[in-house]
Each structure stands twice: as C-alpha cells, then as structure tokens.
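Residue numbers (the working numbering), protein chains in the order written: chain A, 8 to 816; chain B, 740 to 1125. No residue lacks a Cβ here, since even glycine has one placed at the ideal position from N, Cα and C. The model shown is predicted, which means the values in this text are computed figures rather than measured ones.
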Amino acid sequence: MRRKVLALIAALASTAGVFAAEPQVIFDGFAPGAKNKDQASFQKWRKNFTRRLFSADVRMKFDSVGAKADLGFFACELLKDGTLRVIFIPGKTELTPAPLVLTSQDKVKAGEEFDLAVNFSAERRRYSFYLNGKYQSENAVFKTPETLHWTKPDFAKIPGKVSRFRIYDAALESEELFPAGKTFAEFDALSARAKNLETVNPHLKKWSAQLAAEVEKSKKEYTTAARFKRLENHIANAGKMAGDPAVGNAPAAVFSMSPSSQELLTPDALPKTGKMISTLRLFAAKGEYKPATLAIVPFKPVRNFTLRISDLKNEKGKIYKSSQIDVKLIKRWYRAGGTWLNYFSDKHIRILVPDLLINDDRIIKVDEFRQTNEFLLRYPEGARYADISRAEYDQTEFKSYDVPFYDADTLQSVELKEAGRNQLYSLYCHIPENTDAGTYQGKIELLADGKVAGTLPLTIKVLPFVLPRPKTYYDVTRTYFSHINSAADLNETVFRKSLKCFLKYNLFHASRIADAPWKIAIAQETGYPLDPLVGAYMLPKMNDWYKNWGGSDRDVPDDVIPLLDKIYLKQVADTLKRLGLPADTEFYPVFTSESDIYRLVKMNATHPADVLHANTNIKRFSHSMTERYIIGAVDTADMDAAARVVPEFADLWHAAGGRVINYSEPFPGPENPAWYRRKIGLEMYKANYDGHMMHGFLTRHLSEFPDWPEDPAYKNFGMVVPAKDGFLERIALIGTSEGYNDVRYATKLMQLAKPRLESPHLAIRKEAKRQMAWLEKLDGKTYDMDSFRSGCALRIVSMLQLIQKWEGK
Amino acid sequence: MIMLKRIFLSAAFAACAAVFSACAGLASPAEPVVKEAKNEKNIIDVEYRDLPGDYWNLLQREGEKWNFNFRPYDSQFAEILWSDSQLQRNVVLGADLEGKQPSALYVSFNDDGFTLLLFAAEPGTAESLEKGSSRPGSIFECFFMPGDADSQKFDHYYQFMCQAVKPCISGVFPWLMEDESFRSVEGMMTAESHTLTHGNIIKVFVPWDPLFDRLPFLGGKRDNIWRLSVIRWASSGGQTWGGTVHQQGEAGYMRFPEFTGDMKTRIMKNLLIRGWDAYKNYLRSAQLQPDILPVNGTQHYLRDLEKNPHTDVIFAENIPFRKAVIDPMIAEIDAYGKTIAGFEKLSMDEQIRFYQTVAPKLFNTKYIMQKAYGAWQEEQIFGKEK
C-alpha cells in the first residue's frame, strides 16, 4: 500500500509542468477517492503518512459568531468579537498542556468567507496559523509534539460552509497555502511577457513559451500565491537572460560569481553579484590556488549534465593541465537558523544554503518542501537514504566513521531537473610555482547526456610572480599565522588528506602536527611546513615543571629550582629529539589553561616560561588575554589568541614585543565565504593582527536539528563535514583561503614597495610610495575584496616592470 | 502483541478525539474538558506616530498600549510573569510594585525609523542610593529581524544591547560583511533613558537608513511582520519577551500596520533624500574627490599619471577610468535628483519602482564604484597581453 502511495506521489510530481517539484496535496476534502469515502477508509489511508509535518489550506465561513467546527485535523472557532481560534490536540507530555489554542490578530465576520491556513512541523517545533494570507499566531512552547487528531472531516456538520480543504504532507510556507488572488488580466499580462520574450536563443524561447502556457493553464485552475510567484520569477529571469548579450545559443546560461560572494544564492534566483559570461577569465599568481564559481542556469531539464575542461595552452605552447583544476558541485542542504551568519544554531528555522563541495550530487538528497536532508548510505547489502535532519534524539550524532557515507572520487554528472534553476560549480585551480607566466587558453564544455551542448572559452592568466607566504602588515618579515585546530588523525590516510587540504587552503600552521613522529613524517612527505609550529601537546607542559619536585609548587626550595629547570629542559629536548625536530624549532604550544591571570599565577607558569625563553625557541602562547587580563601576560607570553579584532589590542601586544592573533572572528560553523575572507584577510591584516586561529576542522557531526543533551545552541565547529573516508570540504574553506590569499598579495606588494621607498631610482621610489599609500588608505573592513585583489595584482606587475627596467632584475 | 497495540492505539485515539470534540465545543461548549494553554508567541502592534518629547509619560498616558508579556528566561513553560492586571495598573500609575521587577514594551514608527520603548521597574533604586551603591540598571539584549513569519527566507538579525543607567547601544554584532546587500546598524542606532520613580524607560531608535532595502512594505508579503526579541537581564533574573538569545525562531513579532500610500511616500522620499546626501558626501570623500582633481590639463602631475596609469592611489587619479565609468555614473545618478524632488507626483507603482532602482545607487555608491574599479583593473590585467 505504502509503495502504491509513494508511486502515486511520484506520478503527481512528474506532472508538475515547468516545475520539477511542487507541494503535493495528500488529502482533498472535496476530491473523490477511497480515502474520502468514510472514516474507516480515511483511517486506513492516513496510516501511510507521518504526522510530523502537515499543512492545511481551507476556505470556509461560519454562519454565526460563537460557531465551532471540527475540521478533522484541527478545530476552528469564531468568537463573539470576530476573533478566530484554531485548536490543535498535540500528544500530551508532562511538559505540554493540551490542547494548543492559537488566536487570530485579525477579525472575521459571520457569513464572510475566509482563507485559513495552518501548518505544523515537528522538526521545527512549530504550529502556525494564517488568515487571508496574513500571519496570526504560533506556539511559544517549543516542546509540543505532533497532533494526534487526524480524522476525516464531516463538512455537513460545520455551522457554515467549507469550500476548499486540502492537506499537504509538508509544513509549507504561507504563500503555498493561499490563492494568488490575481485577476485574469494579471495572468494575461504575465503570459504575454513570457510569450513576447525576444531572444535569439531557441532554447530560451522554447522555455519561455512553456512558461506562457503554464500561466495560461494556471489561469484556469486554483493557483497559489507561491505558484504565481514562481512563474513570475522564472519569467522575469528569462527576460533578464534574454536581454544579456552573453546569452548565445547554448541551452544554458553561465554566470560567474565571486567565489567569496556574500550572496546566498537560492536555486531559483539569478546571481545579483555575478554576471552572465561567454568566456571565463581568471588571473592567478604562481603558487596560488585560484577559485571560481559558476552558476549554470539551464533552459530545459537535462538528465545528465556535467562540465569537461580541456588542457590549456599559452602563447608559447606551454600546457596547463586541466587536472590542476578541481571541479566540484556546490551542494545546497538545509542547516539550522543562524546559517550563513554565525555559529549559533536555531532549531526552529531551516534554511537552504550552498555549502558542500562534492563530486556526486546523489550522496545527499534534499527535499525543499519538507526541508529535509538525507544521506546516501552505501551498505554492502544495498544503498539507502537516511533522513539525518529529523529532530529526534536518535539523530543527535552522526557517527561518520561507522556508517558508509562518502562521496565519489571523481566529478559525476548531475540531473538538472528544472529549467531556470541554477546549479553551482566550484573550480579550484592550482597554479604550481614552476608554471610559466602567460595567458593560457582552453575551454569548458557543457555536456548534456554525453553530448557537447555548449562551450565556454577559459582563459587563465598566470602572473609573473610567486605568491609569498603571508606576513603581517605592520612588519613584513613577521609570520601571519594561518592556524587551524587540527588535522583529522583517525588514521594515516585521513591525516594525509587533512594536511593536503590545509596546503590547498592556505592553512600553514595547524596545531598538533607535532603530536607524534608519524605525523611529522607525513607532514614532511606532503611538504607541510614545520617551522613555526603551533600547539604541541607532546611537549612537557609549563605548569608541570614543578611536578619533578614531588610536592606543592609553592614549597619548591630555591636551591632545587635550577635542578628542576635542568630536568624540565631535558624533557623538552628529549621530546623534540623523539619527534625528529631540530632543537631550535620555533614552537607556539597553546596553553589554554593559563588563559587568565588567576591561573597564570596560581599554576606558577611564569617561571617555566622564563626557563624556556632563556634556553629554547619555544614561545608561550596564551589564550584570550584581553585587556582585562593583560597584566602579567605581556612579559611572559609571546603570542595571544584574542577574542576580538581590536587594533588597540594589537598595539598593546606589539608594544611589548609580542604578537596577537584572533580565535573567534570567525569561528568555524557558518558558510558565508565572504565572512571568512574579510575577517581573516583584509580586516585582521589591516588591524595589525598576526593572524588567525581557526577553532575546528573536523569535529563530531552533531546534528543541528534535535535538542542535544549538551551544548544546545551551537553549530558544529568544523570546516568540513565528516564522511566514512575522511570529510567533505565546505565553501567556508574557499573564503578562508581567499582571505589568506589577499594577505599574500598584500605581502608581495609590501615586499616590493617598502624596501624601495628610498630607491635611488625616482620612478621606482614614486611608485613604491604610491603603492604603500594605496595599501594604507584601503579600509580593510569595507573595501571590495575582489577590487583589492585585481588592484594589488596590477600594482605588483607594475612594480615588477619598473624594477626590471631600472634595477635590471 | 499486535492486538494489544491496536487496542492501545484505538483507546488513545478515542480519548484524544473526545478531548478534541470537547474543546471544539461539540460535546460540551460551556465547560472545556481540558484547560486551554496560553502559549502563543508575543505579537505587538507597531503604532505610526512621532513620539512626544516626554516619551516617558506614555506609560502613564497610554498604558493600554504597553505589552507586559515577559516570561522567565529559559523557562518557556512558565506563565507570563506580569499578567496580574493590578500590577500592570501599578506600573502605569507609578505605584509601589512590592519589590517586583516587571518589564513592559511599546513600539512605534515614523518616517525616519522605528522606536522601542522599554520599561524596567527597579524597586531597589532608593535602597541602592542609600547604601552608596550603583543604581540597579537592567540590561536589555534585543534583536529585530526584517522579513516575515515564514521561516525559509534568509536574513540578518540585528542584535544589540542597551542599559538604562548607561544609555548607549552596545553589543551590536553584524554577522554579515558590509557591502551592497548589508549595512550594519552600528553607530546608527541611538539610545536615551529617563528615570521614573519606580524604574527606567529606555528609548531605542533604529533609523530606516541601514534598512532602506528591507522596508516592511517592500517585503512582497501580505503582512508586515518582523521578528523581535527583547530579553531583560534584571537582578531578579532574566525575563524574555521573545525566546532565548540568538534564536530567531523563538522571537516574538512586531506587526506593522497596513501602510497607506502617504506613509509609504513619506518614508521613501525621506530615504531618497538621505541617500542623496550620502551619495554627495561620498563624492566629496577622499576616495573620489572629483572636484579637486582636474580631468583636463597640462600639469605635470596629470602628465605623470598618464605615463604611470596603474599607480593611482584613489579612483579620481585614474583619468581614463573616471572618463569611462565614474563621470557617466555620476551624470546618471545626478539626473535622478529631479525625480526625487517631484517624487510625490509619481503613481505609487512608479514610486516603488523608482525607489527600488535609485535608492541602492545612492546608498551603495561606494561599493558600486569599487566594484567597477575592480572590473576596470581586471581589464587592465588581461589587456596587457593584447
């Protein structure tokens, strides 16, 4: 029976016309059919459906005030003052009073028809109620279970009239539950816009004609406000694309967006911050990973769509291999409220957000009406999808290493189910340092069902310089730390994969690399930098120094202290030796336990810090020593991870010869790549910080949707999502990498310009001064980051040309 | 076992149906079997008005408009704290509150922005003064969120904190980057407070300017609803008018009225004029300075720039860019001034279309020009190969 019902739903979905999917009515009170025959038939039918999500779309009237109606799924009552009440019977718990009564803000008159919409989502813990398209009320008690009352309504018993009664198996947006309220003239005008679309593109023309026909059809049917808006949106987008000279004859438009754009692009929108392109042009320095984001908007559905990139050739015949370009699908999925913004997790809201960089779209199935995420689990006995977004306690933790959830090894084709809905792609182009400068030409082919449906010329201009590692703004010789905590170390394979990921995204100062000799060996093998090192938990702790005494640290006699110092230094040296590291390795162990003055003093950490300072290259790295705690820290600590980006903190630490990085702007969790790029890059750099500390890479995958027994209001503090074979990367990594790339470009410019402020060559001197002034004037908090990048690249090239001309280098 | 399960389920269903029928009034309309729970979210109607200079007297003069529906923080199952009508009357009258710390909220808007009035009863003020201590000053932690009551649409929530004894706005955390799509309210909101005999009233004003592209009547929905969370951290514990911190889905709502045509016109016109000023100020800024640097001339400075066209410190130095991009852009935006002056003469549809086209250009000139400059520089990078 269940299979039949699902087949029916699938059949209904396939008749959706220009839309690949639309909300499905599961029960129509006025439609003929078995489920509507009698109560027993209804009860038999409704067992096929979960009651965790539903909506109702009702048109009715009451004959008199004080009238009440049992509508099967809920009840409704018109009070004497015209207020309408909707009553639900949620399952009773010790916490939940029943019934739940929602009261209207607006008034209704007896004898007057009104449109009533209610919806419920157990996943969002939300019952809500709308009247004539306007919001009225919802529950304030969030631990409210699903309603138990599902009976076939008997409209004959209603003291009034019900003329529409439809139930959906999703908690829909309000506009899905109201008639569009448009006149025939408005339908005609919309249809005419689609019909009269002028374009040379035959595919766009055809799609537009289909949209016009759909509007005509909708004019004759019950059409919801949301459906009318969907048609309006598609027709407006078709018009915009038709008017763009880049549209050509291809069956799809290609938009280029900044890979660190703040725009949260929804599937049915055209990028506001991008532009339609007929050629993709990228510029990059040697040693850079250059990202690009494409939004493909098809003019017709395509069963199997993918991109194929050719090798590129420069003017001298040198080849840039396409294998250097990592193409990924950018997958949208649902995340809890606060998504794109911060690390807080609001379980009452779900937002579809572009996030994951994957090869195979099928590994996560997303239902945009039911707002669910399903992971494809590939068990030996067969694959199946599992909904990992239910608000249930069995969903609190996804144990990725225990279940077979993983991505394909190579890019797979994707089904473009609906014309007008964009598919996002990420291109991540590695320019090896030994690449010759020059302009490389190639192409990106758009493949539809194995055939070339369109071609996009691709140009990559390799600039004539190598990007240096990032250095600070205030001192171009000092390291700008790009820390992350820390590489996943389930096994050597995953650890190696993590380090390669760090190198790809400019994360050069991962903590815990020096935890074990095998980790250091893998770091050396992958070319991961080991100097300076951050966060080593194998080193003897500073506050353990006194433990060789055997008594309280307060009782250590003066004459024993030199002996303890010697033992402590030997332990440190032995550890370094065991790890295979030079004795003078610059080390920044993180001692979070010393993060306030109380512990600093109580744990007697100042003395061992002095011992290390005097005898090794090991630094004291404190955590969150903001202004309040700075006394007693600046003279012993070498670097602080501050909670905020405040230029005055940087001044204070630098005045004392120390450094300051930031650990919370940003925290990992949100997706918005602009946030990472801005904060880690220009904002922190221009605030004279010494870098950033990223608080998490691969964490446990705690589901954001259920109430956790612990820490309920935070997202996973991770830059990747765990999978059986390691992890899936996220677009936040691209923003992070771009932030550091901005610093690397600025570093290159500084390295060229600053030493030449006193150049004997006037042209060079003037140029150097101008470029230093440009960089200084630039507002790190607001200046357009892509504009900064092209400006910086241009200035570096100009400077190099002058240097070559006058200095002959 | 299956039979037992069926019996249990049908019994549960029958019990439930009985409750349902009773509640719907079908069995016993006069006496509901189960006590109804008042656990709806708070909604406050926003009143269109200019507030009087003595806004603090509104509590007494218009007490019926204030909303007292605060619940204990983090304890959402509890009843509303200040539902006692006598206590509410005492608040309005300024009478003795018997040591209690009720809170109340009022919201209004006008052509310039919207205002929250927050009342915090502080019965311990006199005692603190007598003891030589600081006055008790509760902190309010709030956020508002443009949009509506549906949940799928993404937007920013604007968080801030304020306190009565130190009436300033703090704790503004912009969670998005400043760009064409987002402007922080930091530095734009204002706060002031007034001390009454039994507590403090804080007035928080939010101008429309940073929200010019999020106006309630431009939301495209039939209602004009924004989320609002007001949490008071008082000495007696937390009180909330809208859920817990950072939880947009738990917030209450402020409901703007149906906007009349006049109201819309005045708000849009006001913003267009303020946007005009912002645009003109930007033109005078250090980045552009078109009035300072001459476009044509034979000065050595300009000749030098021509020889080194990529070394400009500001846009204005890049003469080709100015001529090709900046000057036409300025001419286009300047031409809107005439329509702004006669904005009221347009039909409402025309006004909205004009506003939605022009306001972003006025408020976002900086970003638009920076982006154009970026594109120009990119052309130079690729052009060098030609």
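9 Å Cβ cutoff, residue i in contact with chain B
{"i": "residue 347 of chain A", "result": "yes"}
{"i": "residue 295 of chain A", "result": "no"}
{"i": "residue 794 of chain A", "result": "yes"}
{"i": "residue 338 of chain A", "result": "no"}
{"i": "residue 290 of chain A", "result": "yes"}
{"i": "residue 781 of chain A", "result": "yes"}
{"i": "residue 351 of chain A", "result": "yes"}
{"i": "residue 798 of chain A", "result": "yes"}
Sequence-distant residues of the same chain with beta carbon closer than 8 Å to residue i, five excluded per side
{"i": "residue 89 of chain A", "result": "72, 114, 115, 116"}
{"i": "residue 563 of chain A", "result": "553, 556, 571"}
Helix, strand or coil at residue i [DSSP, three-state]
{"i": "residue 490 of chain A", "result": "strand"}
{"i": "residue 520 of chain A", "result": "helix"}
{"i": "residue 448 of chain A", "result": "strand"}
{"i": "residue 285 of chain A", "result": "coil"}
{"i": "residue 691 of chain A", "result": "helix"}
{"i": "residue 928 of chain B", "result": "coil"}
{"i": "residue 946 of chain B", "result": "strand"}
{"i": "residue 674 of chain A", "result": "coil"}
{"i": "residue 561 of chain A", "result": "helix"}
{"i": "residue 651 of chain A", "result": "coil"}
{"i": "residue 809 of chain A", "result": "helix"}
{"i": "residue 321 of chain A", "result": "coil"}
{"i": "residue 591 of chain A", "result": "coil"}
{"i": "residue 212 of chain A", "result": "helix"}
{"i": "residue 773 of chain B", "result": "Residue placement at residue 773 of chain B cannot be trusted, given a pLDDT of 37 that sits under 50; what the coordinates show is reported in the next sentence. Reduced to three states, the DSSP call for residue 773 of chain B is coil."}
Limits of the unbroken beta strand (DSSP E) element including residue i
{"i": "residue 1131 of chain B", "result": "Chain B is shown from 740 up to 1125; residue 1131 of chain B falls before or after that span and cannot be answered."}
{"i": "residue 31 of chain A", "result": "Run containing residue 31 of chain A: none; DSSP gives neither H nor E here."}
{"i": "residue 729 of chain A", "result": "727-730"}
{"i": "residue 510 of chain A", "result": "Residue 510 of chain A -> not in any beta strand (DSSP E); alpha helix (DSSP H) instead, spanning 499-511."}
CB contact below 9 Å: residue i versus chain E
{"i": "residue 1091 of chain B", "result": "Structure shown: chain E not included; protein chains present are A and B."}
Beta carbon proximity, residue i to chain A, threshold 9 Å
{"i": "residue 961 of chain B", "result": "yes"}
{"i": "residue 920 of chain B", "result": "yes"}
{"i": "residue 994 of chain B", "result": "yes"}
{"i": "residue 916 of chain B", "result": "yes"}
{"i": "residue 989 of chain B", "result": "yes"}
{"i": "residue 1113 of chain B", "result": "yes"}
{"i": "residue 895 of chain B", "result": "yes"}
Range of the contiguous alpha helix (DSSP H) that encloses residue i
{"i": "residue 7 of chain A", "result": "Chain A is shown only over 8 to 816; residue 7 of chain A falls outside these bounds and no answer can be derived."}
{"i": "residue 680 of chain A", "result": "680-685"}
{"i": "residue 874 of chain B", "result": "Careful: residue 874 of chain B lies outside any alpha helix (DSSP H) and carries neither H nor E."}
{"i": "residue 567 of chain A", "result": "Where residue 567 of chain A is concerned, there is no enclosing alpha helix (DSSP H), given that its DSSP letter is neither H nor E."}
{"i": "residue 778 of chain A", "result": "769-784"}
{"i": "residue 832 of chain B", "result": "824-832"}
Chain-order list of residues whose beta-carbon lies under 7 Å from that of residue i (same chain, five-residue window excluded)
{"i": "residue 93 of chain A", "result": "81, 83, 109, 125, 136"}
{"i": "residue 903 of chain B", "result": "859, 876, 877, 932, 939, 941"}
6 Å CB neighbourhood of residue i in its chain, flanking five on each side removed
{"i": "residue 58 of chain A", "result": "153"}
{"i": "residue 975 of chain B", "result": "840"}
{"i": "residue 973 of chain B", "result": "840, 877"}
{"i": "residue 41 of chain A", "result": "48"}
{"i": "residue 357 of chain A", "result": "341, 378"}
Sufficient close CB pairs (3 or more, under 8 Å) joining the segment 57-67 of chain A to the segment 166-181 of chain A: yes
Contact the segment 352-371 of chain A vs the segment 411-421 of chain A: 3+ CB pairs below 8 Å: yes
Three CB pairs or more closer than 8 Å across the segment 511-525 of chain A and the segment 743-751 of chain A: yes
Inter-stretch contact at 8 Å, needing at least 3 Cβ pairs: the segment 788-808 of chain B / the segment 860-880 of chain B: no
Stretch pair the segment 669-687 of chain A + the segment 454-474 of chain A: three plus CB contacts closer than 8 Å: Touching, no.
At least three beta-carbon pairs within less than 8 Å, the segment 953-973 of chain B to the segment 992-1005 of chain B: Verdict: yes, contact present.
Cβ contact check for the segment 979-986 of chain B and the segment 1047-1061 of chain B: 3 or more pairs under 8 Å: no
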